[in-house]
Each structure stands twice: as structure tokens, then as C-alpha cells.
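As C-alpha cells, the structure follows; a few thoughts come after it.
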Amino acid sequence: SPRWRAISIAACSLILVLLTGNPMLSLLPWPALWVARRLYGHRRKESVRRRKEEQVLELIDSLSQSLRSGLSLQQSLQAGLEDVGPEMRLEIQGILDDFRMGGSLDESLLRAAEAADIPSLRLVFLVTGLLHAKGGDIPRILDRLRRRVAEGVELRRELRSLTAQSRASGYLVSALPAAFLALQALLNPRSLHPLLSSSTGNLILLAALSLNAAAFVIMRKLLSQEA
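Take any residue in the sequence shown, count from 1 to its spot, add 21: that is its number in this note's numbering.
Written as C-alpha cells, this is what we have:
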């Protein structure tokens with residue numbers, strides 16, 4: 022809860038002041054928490070995005086099978102709620118809810134395509150909506166689209182596996198300064214006194230942390246573009 026989070030940060034700040042005698046370092050846990058929350062949120066968002074990207078294939082398979090069995094597109098979407106994962110289920114449910122509010126199903130699909138955050142999902146909704154409005158063999162087009170989507174998913178999965186070692190190396194290098202300071206504090210705490218208790222040492226520490234954080238952000242940007 023926010024209350025316990027604030028209490029924990031205040032306790033960490035108090036411990037830092039007691040250990041170093043420098044009240045300026047009491048501010049350090051606040052940006053550290055902000056960075057940690059941003060990293061966790063980004064990682065969670067990417068995880069949801071990857072799962073949804075793979076569930077696009079499940080959606081295409083479900084729609085193709087249901088349409089070939091004689092169901093309407095609305096019935097096929099309704100049946101697809103049981104065939105896909107929770108992330109994709111929310112997308113389908115949003116389309117059905119929008120359709121029940123009034124309007125046509127193809128308009129609901131086109132609106133969902135505009136709001137989709139994944140290119141393959143946007144393409145599936147767009148193609149399905151246009152074919153439903155103009156008329157066409159939706160299952161046959163979805164089969165062709167599935168091959169393209171599967172190739173893209175496999176390619177991105179391979180790229181992520183190839184860059185996994187680079188990401189691990191980057192995380193290790195970014196963690197080395199903090200690990201070195203922690204080890205130095207355990208072995209010889211007095212050696213860190215000039216760094217923590219003087220204004221010059223604080224500036225050096227702030228510059229080092231800023232450069233390390235900037236390098237970490239740049240590394241994540243480069244690797245995210247590759248993956």
C-alpha cells in the first residue's frame with residue numbers, strides 16, 4: 022500500500038542518515054523507488070505485449086474455424102473468448118461490448134484496430150472489419166495473414182534469444198558499481214566516509230550514478246529496438 026511504501030522509504034532514509042551522517046543521502050531512496058517502479062512497469066508491459074502478440078495466432082485460428090463451421094462473425098468472436106488468453110479476451114470483449122452499444126460490427130472492429138497497440142492485432146481487426154463490411158472470404162484471408170503473423174512472431178522470438186546475452190551483460194555491468202560500493206562498505210566502511218560525508222564526494226557519487234543510469238537507459242533503448 023502507499024502508506025507502507027512511504028514508511029519503508031522513510032525508514033531507509035533514516036538508516037542512511039544514521040550510517041553516513043549526511044542528510045542529503047536521505048533523498049536517495051525516493052528516486053531509486055521511482056526508477057524501480059518504472060523498470061517494473063516497463064517489464065510488465067512488455068510481458069503483456071508479448072503474450073498478446075502470441076495470442077493473435079490463437080485468435081486467427083479460432084475465427085477461421087468458427088467461420089468455416091457456419092457461425093457468423095459475431096458468434097465467432099463470442100466463441101473466441103474461450104479459445105484465447107486473458108489479454109486477447111479483453112480485446113474481443115471490448116469489441117462485443119462496443120457492438121452491443123449500437124452500430125455495426127465492422128465499425129467496432131475498425132475502432133478496435135485504431136486502438137490496438139500491436140501491429141499484427143491491428144491488421145487482423147482491420148482486415149476482418151473491411152471484409153465483413155464489403156464482403157469477402159474472411160477465413161481464406163485470415164489463413165494468409167496467419168502465416169505472416171507467425172513469421173513475425175518467430176523472428177522476434179529469435180531476436181530476443183540472440184540479444185538475451187547482451188541484456189544480461191548490460192545488467193551485470195550496470196550493477197557492478199553498486200555491488201562494489203556494498204562490498205567496500207562491508208570490508209572497509211571508513212574508506213567510504215569521504216565519499217558519503219563530504220559535498221565533493223556527494224557530487225562525485227551523484228555524477229557516477231547519473232552516468233551509470235544514462236548508460237543503462239541507452240542500453241535498454243538499443244536492445245529494445247533490436248528485439
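Backbone N, C-alpha and C fix where the C-beta goes; we use that ideal spot for every residue, glycine too.
(message) Does the contact criterion of 3 or more C-beta pairs under 8 Å hold for the region 158-166 versus the region 191-200?
(response) no
(message) Taking only three categories from DSSP, how would you classify L88?
(response) To locate residue 88, count along the sequence shown from 1; it is residue 67. Note: L88 maps to helix in three-state DSSP.
(request) Can you give me the Cβ contacts of S129 inside the same chain, cut-off strictly under 7 Å, excluding the 5 residues immediately before and after it? (result) Start at 1 with the first residue of the sequence shown, and residue 129 comes out as number 108. So the qualifying residues of the chain are I116, D119, F120.
(message) Quick check for students: name the residue ranges of the alpha helix (DSSP H) that lie wholly in the region 99-152, counting only runs of 4 or more.
(response) 107-121, 126-136
(message) Restricting to Cα atoms, I'd like to know which of D82, L202, L111 is closest to L217.
(response) Residue mapping note: residue 217 aligns to position 196 of the sequence shown, counting from 1. Selected option, being the one with the closest Cα: L202.
(message) Looking at the secondary structure, which residues open and close the alpha helix (DSSP H) in which D158 lies?
(response) Residue numbering aside, residue 158 sits at position 137 when the sequence shown is read from its first letter. D158 -> no alpha helix (DSSP H), and no H or E assigned at all.
(request) Can you give me the Cβ contacts of L226 inside the same chain, cut-off strictly under 7 Å, excluding the 5 residues immediately before and after it? (result) Taking the first residue of the sequence shown as position 1, residue 226 is located at position 205. Cβ within range, chain order: L216.
(message) If you reduce the DSSP assignment to three classes, tell me which class S93 lands in.
(response) Against the sequence shown, residue 93 aligns to sequence position 72. Coil, per DSSP.
(request) May I ask whether a heavy atom of the ligand MN can be found less than 7 Å away from the beta carbon of L216? (result) No copy of the ligand MN appears in this structure; indeed no ligand is present at all.
(request) Using the Cα positions of K242 and R181, report the straight-line distance between them to the nearest angstrom. (result) Residue numbering aside, residue 242 sits at position 221 when the sequence shown is read from its first letter. Residue numbering aside, residue 181 sits at position 160 when the sequence shown is read from its first letter. Distance between the alpha carbons of K242 and R181: 14 Å.
(request) Taking the CB atoms as reference points, tell me whether E112 and A134 lie closer together than 8 Å. (result) Reading the sequence shown from its first residue, position 91 is the one you call residue 112. Reading the sequence shown from its first residue, position 113 is the one you call residue 134. Contact: no.
(message) DSSP three-state label for M240, please.
(response) Your numbering for residue 240 matches position 219 in the sequence shown. Residue state, collapsed to three classes: helix.
(request) Report the rounded CA-to-CA distance for K66 versus E74, giving the unit in angstroms. (result) By one-based count along the sequence shown, residue 66 stands at place 45. By one-based count along the sequence shown, residue 74 stands at place 53. Cα to Cα, K66 sits roughly 12 Å from E74.
(request) Grab me the residues of A234's own chain with a C-beta within less than 6 Å of its C-beta, minus the 5 sequence neighbours each way, in chain order. (result) In the sequence shown, the residue the question calls residue 234 occupies position 213. Within the same chain, A234 has no close Cβ partners at all.
(request) Pick out whichever of L163, P140, R177 has its Cα sitting closest to the Cα of S83. (result) By one-based count along the sequence shown, residue 83 stands at place 62. Here the closest residue by C-alpha is L163.
(message) So, for W25: in the same chain, excluding its five sequence neighbours on each side, which residues have a beta-carbon less than 7 Å away from its beta-carbon?
(response) Numbered from its first residue, the sequence shown carries residue 25 at position 4. Excluding residues within five positions, none has a Cβ falling inside 7 Å.
(message) Are the CB atoms of R143 and E108 within a distance shorter than 8 Å?
(response) As a working mapping, residue 108 is identified with position 87 in the sequence shown. As a working mapping, residue 143 is identified with position 122 in the sequence shown. In this structure, R143 does not lie closer than 8 Å to E108 by Cβ.
(request) Return the residue from the list A185, A236, A171, P210 that minimises the CA-CA distance to L197. (result) If you number the sequence shown from 1, residue 197 lands on position 176. When each option's Cα is compared against that of L197, the closest is A236.
(request) Quick one: using the 10 Å Cβ neighbour count with 16 as the cut-off for buried, is T221 buried or exposed? (result) If you number the sequence shown from 1, residue 221 lands on position 200. When all chains shown are included, T221 counts as exposed.
(request) With a threshold of 16 other CB atoms inside 10 Å of the CB of R58, please say whether the residue is buried or exposed. (result) Working through the sequence shown from its first residue, we reach residue 58 at position 37. Exposed.
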